[in-house]
Amino acid sequence: MTAYMEPNSPTMKLTPPFEWLHDHIQIIDQTCLPEELKLLKIDDSESAIQAIKSLAIRGAPALGAFGALAIVVGLDESKSTNREDAEARLSELRVLIGDARPTAVNLRWAVDRVINFGLKSAGGVTEIRESILAEAHRVASEDADACAAIGLFGAELLNGLEKIGTHCNAGRLATAGIGTALAPLYTKKKAGKPISAFAAETRPLLQGARLTAWELQEADIDVTVVPDGAMASIILSNQLDAFIVGADRITSNGDSANKIGTVSHALAAKEAGIPFYVAAPTSTIDFSIETGS
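To get this note's numbering, take the position in the sequence shown, counting from 1, and add 69.
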(Lines of atoms letter the chains of each structure in order from A; the text may use other names.)
(Lines give C-alpha, C1' and ligand atoms only; values in the text may rest on other atoms or scores of the structure.)
Protein backbone atom coordinates (compact mmCIF):
# COMPACT_ATOMS: atom_id res chain seq x y z
CA MET A 70 0.00 0.00 0.00
CA THR A 71 1.28 3.46 -0.87
CA ALA A 72 0.13 6.51 1.09
CA TYR A 73 0.79 9.93 -0.40
CA MET A 74 -0.54 12.15 2.38
CA GLU A 75 1.30 13.10 5.55
CA PRO A 76 0.40 10.96 8.61
CA ASN A 77 -1.30 13.94 10.28
CA SER A 78 -3.46 14.75 7.25
CA PRO A 79 -7.10 15.40 8.23
CA THR A 80 -8.30 12.66 5.84
CA MET A 81 -5.43 10.17 6.20
CA LYS A 82 -7.54 7.51 7.95
CA LEU A 83 -10.24 7.53 5.26
CA THR A 84 -10.28 5.14 2.29
CA PRO A 85 -8.22 6.77 -0.50
CA PRO A 86 -9.80 7.19 -3.96
CA PHE A 87 -6.91 5.18 -5.43
CA GLU A 88 -3.81 3.39 -4.17
CA TRP A 89 -1.05 1.15 -5.51
CA LEU A 90 -1.12 -2.37 -4.05
CA HIS A 91 2.08 -4.15 -5.13
CA ASP A 92 1.05 -5.03 -8.69
CA HIS A 93 -2.31 -3.35 -9.27
CA ILE A 94 -4.34 -0.25 -8.46
CA GLN A 95 -7.31 -0.25 -6.11
CA ILE A 96 -9.89 2.51 -6.53
CA ILE A 97 -13.18 3.58 -5.04
CA ASP A 98 -15.89 3.18 -7.66
CA GLN A 99 -17.29 6.69 -7.36
CA THR A 100 -20.31 5.85 -9.50
CA CYS A 101 -21.63 3.81 -6.56
CA LEU A 102 -21.35 6.58 -3.96
CA PRO A 103 -22.98 7.40 -1.64
CA GLU A 104 -25.07 4.23 -1.54
CA GLU A 105 -22.11 1.83 -1.55
CA LEU A 106 -18.37 2.05 -0.88
CA LYS A 107 -17.26 -0.32 -3.63
CA LEU A 108 -13.59 -1.00 -4.36
CA LEU A 109 -12.37 -1.97 -7.83
CA LYS A 110 -9.17 -3.80 -8.78
CA ILE A 111 -7.43 -2.29 -11.80
CA ASP A 112 -4.92 -4.78 -13.20
CA ASP A 113 -4.97 -4.17 -16.96
CA SER A 114 -5.22 -1.26 -19.37
CA GLU A 115 -8.80 -2.04 -20.38
CA SER A 116 -10.09 -1.80 -16.81
CA ALA A 117 -8.07 1.40 -16.29
CA ILE A 118 -9.54 3.04 -19.37
CA GLN A 119 -13.04 1.89 -18.44
CA ALA A 120 -12.61 3.33 -14.94
CA ILE A 121 -11.67 6.70 -16.43
CA LYS A 122 -14.42 6.77 -19.04
CA SER A 123 -17.15 5.58 -16.65
CA LEU A 124 -16.11 8.18 -14.03
CA ALA A 125 -15.37 5.44 -11.50
CA ILE A 126 -12.33 7.63 -10.93
CA ARG A 127 -12.46 11.31 -11.79
CA GLY A 128 -11.12 14.71 -10.86
CA ALA A 129 -8.26 16.19 -12.87
CA PRO A 130 -5.42 15.66 -10.34
CA ALA A 131 -6.57 12.14 -9.44
CA LEU A 132 -6.81 11.23 -13.11
CA GLY A 133 -3.23 12.33 -13.61
CA ALA A 134 -1.87 10.24 -10.74
CA PHE A 135 -4.08 7.27 -11.59
CA GLY A 136 -3.14 7.45 -15.27
CA ALA A 137 0.54 7.46 -14.36
CA LEU A 138 0.11 4.28 -12.32
CA ALA A 139 -2.03 2.75 -15.07
CA ILE A 140 0.95 2.95 -17.43
CA VAL A 141 2.74 0.45 -15.17
CA VAL A 142 -0.28 -1.86 -15.19
CA GLY A 143 -0.49 -1.63 -18.97
CA LEU A 144 3.20 -2.38 -19.39
CA ASP A 145 2.98 -5.39 -17.07
CA GLU A 146 -0.01 -6.65 -19.02
CA SER A 147 1.99 -6.75 -22.26
CA LYS A 148 4.63 -9.06 -20.75
CA SER A 149 7.28 -7.32 -22.85
CA THR A 150 10.63 -9.13 -22.69
CA ASN A 151 12.86 -6.64 -24.49
CA ARG A 152 13.24 -2.89 -24.69
CA GLU A 153 11.92 -2.62 -28.25
CA ASP A 154 8.63 -4.31 -27.31
CA ALA A 155 8.34 -2.20 -24.15
CA GLU A 156 8.82 1.03 -26.10
CA ALA A 157 6.17 -0.03 -28.62
CA ARG A 158 3.75 -0.83 -25.81
CA LEU A 159 4.40 2.52 -24.12
CA SER A 160 3.64 4.29 -27.40
CA GLU A 161 0.26 2.55 -27.46
CA LEU A 162 -0.45 3.36 -23.81
CA ARG A 163 0.47 7.01 -24.31
CA VAL A 164 -2.58 7.30 -26.59
CA LEU A 165 -4.93 4.74 -25.02
CA ILE A 166 -4.65 6.08 -21.48
CA GLY A 167 -3.49 9.62 -22.16
CA ASP A 168 -6.53 10.37 -24.33
CA ALA A 169 -9.11 8.49 -22.25
CA ARG A 170 -10.42 11.74 -20.72
CA PRO A 171 -9.54 14.74 -22.93
CA THR A 172 -11.11 17.37 -20.65
CA ALA A 173 -8.54 16.88 -17.87
CA VAL A 174 -5.11 18.14 -18.93
CA ASN A 175 -3.51 16.43 -15.89
CA LEU A 176 -4.06 12.99 -17.40
CA ARG A 177 -2.09 13.59 -20.59
CA TRP A 178 0.53 15.59 -18.65
CA ALA A 179 1.16 12.78 -16.16
CA VAL A 180 1.15 10.01 -18.77
CA ASP A 181 3.69 11.87 -20.90
CA ARG A 182 5.80 12.65 -17.85
CA VAL A 183 6.15 9.07 -16.60
CA ILE A 184 6.64 7.52 -20.03
CA ASN A 185 9.27 10.07 -21.02
CA PHE A 186 11.02 9.50 -17.70
CA GLY A 187 10.96 5.73 -18.13
CA LEU A 188 12.38 5.91 -21.63
CA LYS A 189 15.41 7.75 -20.26
CA SER A 190 16.35 4.59 -18.37
CA ALA A 191 19.40 2.89 -19.87
CA GLY A 192 18.31 -0.60 -18.81
CA GLY A 193 15.81 -3.15 -20.01
CA VAL A 194 12.12 -3.71 -19.35
CA THR A 195 12.51 -4.08 -15.58
CA GLU A 196 14.45 -0.83 -15.27
CA ILE A 197 11.94 1.03 -17.45
CA ARG A 198 9.06 -0.29 -15.35
CA GLU A 199 10.67 0.63 -12.05
CA SER A 200 11.51 4.10 -13.32
CA ILE A 201 7.92 4.67 -14.45
CA LEU A 202 6.51 3.37 -11.16
CA ALA A 203 8.82 5.59 -9.11
CA GLU A 204 7.89 8.63 -11.20
CA ALA A 205 4.17 7.80 -10.91
CA HIS A 206 4.52 7.77 -7.13
CA ARG A 207 6.24 11.16 -7.35
CA VAL A 208 3.34 12.53 -9.40
CA ALA A 209 0.90 11.44 -6.70
CA SER A 210 3.09 12.66 -3.83
CA GLU A 211 3.55 16.05 -5.47
CA ASP A 212 -0.21 16.34 -5.88
CA ALA A 213 -0.77 15.50 -2.22
CA ASP A 214 1.77 18.18 -1.28
CA ALA A 215 0.07 20.68 -3.58
CA CYS A 216 -3.28 19.93 -1.96
CA ALA A 217 -1.81 20.52 1.49
CA ALA A 218 -0.35 23.84 0.32
CA ILE A 219 -3.67 24.87 -1.22
CA GLY A 220 -5.30 24.03 2.09
CA LEU A 221 -2.95 26.31 4.01
CA PHE A 222 -3.14 29.20 1.54
CA GLY A 223 -6.89 28.81 1.20
CA ALA A 224 -7.46 28.72 4.95
CA GLU A 225 -5.69 32.07 5.18
CA LEU A 226 -7.89 33.51 2.43
CA LEU A 227 -10.97 32.18 4.22
CA ASN A 228 -9.88 33.49 7.62
CA GLY A 229 -13.02 34.65 9.40
CA LEU A 230 -15.26 33.23 6.66
CA GLU A 231 -17.38 30.26 7.68
CA LYS A 232 -20.05 29.50 5.07
CA ILE A 233 -18.44 28.35 1.83
CA GLY A 234 -20.13 27.43 -1.43
CA THR A 235 -18.71 24.93 -3.91
CA HIS A 236 -19.63 23.19 -7.17
CA CYS A 237 -18.99 19.64 -8.42
CA ASN A 238 -16.39 17.72 -6.39
CA ALA A 239 -12.85 18.97 -5.91
CA GLY A 240 -12.05 17.26 -2.65
CA ARG A 241 -10.08 14.20 -1.61
CA LEU A 242 -12.02 12.00 -4.06
CA ALA A 243 -10.60 14.08 -6.91
CA THR A 244 -6.93 14.15 -5.89
CA ALA A 245 -4.12 12.22 -4.23
CA GLY A 246 -4.45 14.45 -1.16
CA ILE A 247 -7.07 16.49 0.67
CA GLY A 248 -8.44 18.06 -2.47
CA THR A 249 -8.20 21.47 -4.09
CA ALA A 250 -11.41 23.43 -3.52
CA LEU A 251 -12.18 21.50 -0.34
CA ALA A 252 -8.61 21.55 1.01
CA PRO A 253 -9.11 24.84 2.88
CA LEU A 254 -12.22 23.41 4.53
CA TYR A 255 -10.34 20.34 5.74
CA THR A 256 -7.49 22.54 6.95
CA LYS A 257 -9.81 24.84 8.89
CA LYS A 258 -11.64 21.84 10.36
CA LYS A 259 -8.35 20.35 11.54
CA ALA A 260 -7.43 23.68 13.15
CA GLY A 261 -10.71 23.66 15.08
CA LYS A 262 -12.12 26.67 13.25
CA PRO A 263 -15.83 26.86 12.36
CA ILE A 264 -16.58 25.91 8.77
CA SER A 265 -19.58 24.71 6.79
CA ALA A 266 -20.16 23.95 3.12
CA PHE A 267 -22.99 24.59 0.69
CA ALA A 268 -22.56 22.11 -2.16
CA ALA A 269 -24.36 22.67 -5.46
CA GLU A 270 -25.89 19.36 -6.52
CA THR A 271 -24.10 19.58 -9.92
CA ARG A 272 -26.35 18.04 -12.52
CA PRO A 273 -26.51 15.79 -14.44
CA LEU A 274 -24.24 13.38 -12.50
CA LEU A 275 -24.73 15.03 -9.09
CA GLN A 276 -21.08 15.10 -8.08
CA GLY A 277 -21.91 17.70 -5.46
CA ALA A 278 -24.87 15.87 -3.97
CA ARG A 279 -23.27 12.42 -4.19
CA LEU A 280 -19.54 12.98 -3.73
CA THR A 281 -18.88 16.31 -2.03
CA ALA A 282 -21.62 15.76 0.52
CA TRP A 283 -20.43 12.21 1.18
CA GLU A 284 -16.77 13.02 1.72
CA LEU A 285 -17.46 16.09 3.88
CA GLN A 286 -19.84 14.09 6.06
CA GLU A 287 -17.11 11.45 6.42
CA ALA A 288 -14.83 14.18 7.74
CA ASP A 289 -17.55 15.53 10.07
CA ILE A 290 -17.86 18.84 8.21
CA ASP A 291 -21.34 20.34 8.09
CA VAL A 292 -22.64 20.35 4.51
CA THR A 293 -25.89 21.48 2.90
CA VAL A 294 -26.78 20.29 -0.61
CA VAL A 295 -28.30 23.05 -2.73
CA PRO A 296 -30.19 22.52 -6.03
CA ASP A 297 -28.21 24.08 -8.88
CA GLY A 298 -31.04 26.45 -9.72
CA ALA A 299 -31.28 27.69 -6.14
CA MET A 300 -27.60 28.48 -5.56
CA ALA A 301 -27.80 31.99 -7.02
CA SER A 302 -30.61 32.79 -4.60
CA ILE A 303 -28.52 31.47 -1.71
CA ILE A 304 -25.58 33.64 -2.78
CA LEU A 305 -27.59 36.79 -3.42
CA SER A 306 -29.42 36.52 -0.09
CA ASN A 307 -26.07 36.79 1.72
CA GLN A 308 -26.09 33.24 3.06
CA LEU A 309 -22.51 32.54 1.89
CA ASP A 310 -19.21 34.16 2.81
CA ALA A 311 -17.22 32.87 -0.18
CA PHE A 312 -17.30 30.40 -3.06
CA ILE A 313 -14.50 28.07 -4.13
CA VAL A 314 -14.23 25.60 -7.00
CA GLY A 315 -11.63 23.42 -8.67
CA ALA A 316 -10.69 23.36 -12.36
CA ASP A 317 -10.45 20.83 -15.17
CA ARG A 318 -8.07 23.07 -17.09
CA ILE A 319 -6.55 26.54 -16.71
CA THR A 320 -5.16 28.44 -19.69
CA SER A 321 -1.90 30.39 -19.61
CA ASN A 322 -3.71 33.69 -18.98
CA GLY A 323 -5.63 32.28 -16.00
CA ASP A 324 -8.98 31.50 -17.65
CA SER A 325 -10.46 28.44 -15.95
CA ALA A 326 -12.68 25.65 -17.23
CA ASN A 327 -14.72 23.74 -14.68
CA LYS A 328 -17.89 21.69 -14.52
CA ILE A 329 -20.86 23.18 -16.36
CA GLY A 330 -22.85 25.45 -14.05
CA THR A 331 -19.80 27.09 -12.48
CA VAL A 332 -20.16 30.37 -14.36
CA SER A 333 -23.61 31.13 -12.94
CA HIS A 334 -22.24 30.81 -9.41
CA ALA A 335 -19.32 33.09 -10.31
CA LEU A 336 -21.64 35.76 -11.70
CA ALA A 337 -23.87 35.58 -8.64
CA ALA A 338 -20.85 35.85 -6.34
CA LYS A 339 -19.64 38.92 -8.24
CA GLU A 340 -23.07 40.51 -7.92
CA ALA A 341 -23.20 39.72 -4.20
CA GLY A 342 -19.69 41.02 -3.63
CA ILE A 343 -18.29 37.83 -2.12
CA PRO A 344 -14.94 36.29 -3.13
CA PHE A 345 -14.95 33.54 -5.75
CA TYR A 346 -11.80 31.41 -5.82
CA VAL A 347 -10.45 28.73 -8.18
CA ALA A 348 -8.15 26.22 -6.47
CA ALA A 349 -5.90 23.97 -8.56
CA PRO A 350 -2.33 22.63 -8.76
CA THR A 351 0.05 23.86 -11.46
CA SER A 352 -0.41 20.54 -13.30
CA THR A 353 -3.88 21.79 -14.27
CA ILE A 354 -2.43 24.75 -16.20
CA ASP A 355 -2.26 24.14 -19.95
CA PHE A 356 0.39 26.53 -21.21
CA SER A 357 -0.30 25.48 -24.80
CA ILE A 358 -3.61 27.38 -24.71
CA GLU A 359 -3.48 31.16 -24.33
CA THR A 360 -7.09 31.93 -23.37
CA GLY A 361 -10.36 30.19 -22.63
CA SER A 362 -12.06 31.81 -25.60
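We put the CB at the ideal spot given by N, CA and C, even for glycine.
- Residue environment analysis places Ser200 among the buried positions, since at least 16 neighbouring C-beta atoms fall within 10 angstroms of its C-beta.
- With 16 or more other CB atoms across the displayed protein chains lying within 10 angstroms of its CB, Gly246 is buried.
- Contact annotation: Gly323 and Ala239 have beta-carbon atoms that are not nearer than 8 Å.
- The beta carbons of Ile264 and Ala205 sit no closer together than 8 Å.
- Take the alpha-carbon of Gln119 and the one of Ala299: they are about 34 Å apart.
- In the DSSP assignment, the residues bridged to Gln95 are Glu88, Lys110.
- Closest in alpha carbon position to Gly133, among Leu254, Asn175, Ile96, is Asn175.
- When Asn151, Arg177, Thr235 are compared, the shortest CA-CA separation from Asp297 is found for Thr235.
- Note on Val292: 16 or more other CB atoms within 10 angstroms of its CB, so buried under the neighbour-count rule.
- In the three-state reduction of the DSSP assignment, Phe356 falls in the coil class, being assigned neither a helical nor a strand state.
- Nearest Cα to Phe135 within the set Pro86, Ser362, Arg318: Pro86.
- Ile329 counts as exposed, since fewer than 16 other C-beta atoms from the protein chains shown sit within 10 angstroms of its C-beta.
- Annotation for Ile304: the continuous alpha helix (DSSP H) segment containing it runs 300-305.
- C-alpha of Asp168 to C-alpha of Val180: approximately 9 Å in a straight line.
- The Cβ atoms of Ser357 and Pro130 do not sit closer than 8 Å to each other.
- The stretch 120-187 is shown to contain whole alpha helix (DSSP H) runs of 4 or more residues at 129-147, 152-165, in chain order.
- Each of Asp355, Arg318, Ala337 was checked against the Cα of Val347, and the nearest Cα belongs to Arg318.
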